[in-house]
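So the protein sequences, as listed, match chains A and B. Per the UniProt record's numbering, the first sequence starts with residue 1, numbered consecutively. Per the UniProt record's numbering, the second sequence starts with residue 1, numbered consecutively. The beta-carbon is built from N, C-alpha and C at its ideal position, and this holds for glycine as well. Some notes on the structure that comes next.
There are 2 protein chains.
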Amino acid sequence: MTEQGTRSYSPRERMVFSAAQLIRRDGVGATGMRDVAAHADAPRGSLQHYFPGGKEQLIGEAVTWAGRYAARRVTRCLAALPADDRRPSLLFAALVAQWTEECLATDFAYGCPVAAVTVDCADTTDTARTAAAQAFDCWREPLTGALVELGVPATRSAALATLMVSSLEGALLIARAERDIQALTTVVDELGPLLDAAVT
Amino acid sequence: MTEQGTRSYSPRERMVFSAAQLIRRDGVGATGMRDVAAHADAPRGSLQHYFPGGKEQLIGEAVTWAGRYAARRVTRCLAALPADDRRPSLLFAALVAQWTEECLATDFAYGCPVAAVTVDCADTTDTARTAAAQAFDCWREPLTGALVELGVPATRSAALATLMVSSLEGALLIARAERDIQALTTVVDELGPLLDAAVT
DNA sequence: TGGATTCTATGACCACCGTCATAGAGCTTC
DNA sequence: GAAGCTCTATGACGGTGGTCATAGAATCCA
């Protein structure tokens, strides 16, 4: 969620990206439009031009972007699994490892933008809430497919994907609060055997 | 987290309670001090008197209160388990059921205050972050003890408690975003066998 | 009763936020 | 080169937020 590649992004893309970054660090309420523009090195006047729907639209696009990013991450981790040992537990471990490393590298500054938007907007901004729901779906979909590919029966793969995302989100919360990786490693260790046992 | 019992609470207690309620519904940023006083039917002037530390202090006390409340809930659920069938899965199911019912009863308006504070303050307000960490500890401690009492070896009980809280928190997030109970029921169903299998 | 302490009431201050209005650059296209 | 479109620049506005200052009520002991 940090790397942007080498090609240059448009101001609009940068603003969506920056919004996601700031939201997942400070929450929706503490993230101002001016901050987003500044963080993206984008002109403030472009905000109303690219996002005529205002903050609501920007938040929606940011969380949608985050969902797609998470989905890409799943397929990437699946592809990176060792050819000789492709187990669901290793996929989960790889996914969590990315968050773990980021936590350590940034001193637990950043959480999940989808979680932040859900917490801050679930009962007030319906478009944001819907976008968050779609982001979760977008995230779980490739995960479900990956589990099937790894041998989990289709009847259980969706449920296990939900369990994986839930555990990851919750552990990430705890880890951020405690500034300690332990919760993340714990869910990986405890959930691993369960996931592998689901392979038929 | 809704019922207050019958005895009357002091304005100070009510403000802490109301703060927790508003925070877990709207997030920290969207919760104003004036809102808290109004929600608690407490005089606005009392805010600076009872909470000279300002919003930071109020948030801290609210999340601390929430942690203690969650802990009480654990011991209550443990005590309410049927005498003839006391399994960890049933304890977890009972805990999640409380959230599930509340979600349905309130149309998914309320989340977890500890999660909200973590998301909104983890990188900015250290006292709030610390309070959230202690709240998680306060929550997991009786849960760990309960697992031991139900036959889980002490070496694993803490890890499983972390897994339970993580899954619950994450599933609650997803449930709120989707306005659907499914994620909550899924984690209960999928985690149940794992928990019971840990009993020696 | 009188004074001290605790609590309440209210208005004001200042900073910030999201949004709008308006005008100006920069570039394409006929 | 003039029109037209995209994009940028900037100031202003109304509203809200947390906090402070100050004064008033209420309660409780000596």
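May I ask whether a heavy atom of the ligand FMN can be found less than 7 Å away from the beta carbon of V74(B)?
No copy of the ligand FMN occurs in the structure displayed, which carries no ligand at all.
If you draw a straight line from the alpha carbon of T185(B) to that of S10(A), how long is it in whole angstroms?
Each residue's Cα considered, the two are about 42 Å apart.
Of all Cβ atoms in chain A, is any one closer than 8 Å to the Cβ of E154(B)?
Reading the sequence as shown, one finds Ala at residue 154(B) and not Glu. No, because no Cβ of chain A sits closer than 8 Å to the Cβ of A154(B).
Can a CB atom of chain B be found closer than 8 Å to the CB of E3(A)?
In this prediction, E3(A) has a pLDDT of 45, which is less than 50 and means its spatial position is unreliable; nothing more can be read from the coordinates.
Name the residue from V187(A), V199(A), T127(A), P193(A) whose alpha carbon lies nearest to the alpha carbon of R156(A).
Among V187(A), V199(A), T127(A), P193(A), the Cα nearest to that of R156(A) is on V199(A).
For the alpha helix (DSSP H) that I23(B) lies in, which residues bound it at each end?
Unbroken alpha helix (DSSP H) run through I23(B): 11 to 26.
Anything in chain A within Cβ reach of G29(B), meaning under 8 Å, just list it in chain order.
Under the 8 Å cutoff, chain A gives G27, V28, G29, A30, D120.
Does residue 235(B) have its Cβ less than 8 Å from a Cβ in chain A?
Outside the modelled stretch of chain B, which goes from 1 to 200, sits residue 235(B), for which no answer is possible.
CB A197(B) to CB E178(A), shorter than 8 Å?
Cβ atoms of A197(B) and E178(A): not closer than 8 Å.
If you measure from the beta carbon of L191(A) to each beta carbon in chain B, is any gap under 8 Å?
Chain B contact via Cβ: present.
What span of residues does the alpha helix (DSSP H) with Y69(B) cover, start to end?
From DSSP, the alpha helix (DSSP H) with Y69(B) extends over 54 to 79.
Alpha carbon to alpha carbon, what distance is there between Q21(A) and G27(A)?
Each residue's Cα considered, the two are about 10 Å apart.
Quick check: is the beta carbon of F108(B) nearer than 8 Å to any beta carbon in chain A?
Output row for F108(B): interface = yes.
Given that a residue counts as buried once 16 or more other Cβ atoms are within 10 Å of its Cβ, and exposed if not, what is P142(A)?
Classification of P142(A): buried, given that the 10 Å Cβ count is 16 or more.
Would you identify the three-state DSSP class for P82(B), choosing helix, strand or coil?
Coil, per DSSP.
For A135(A), which of D123(A), V165(A), T106(A) has the nearest alpha-carbon?
Closest option to A135(A), Cα to Cα, is V165(A).
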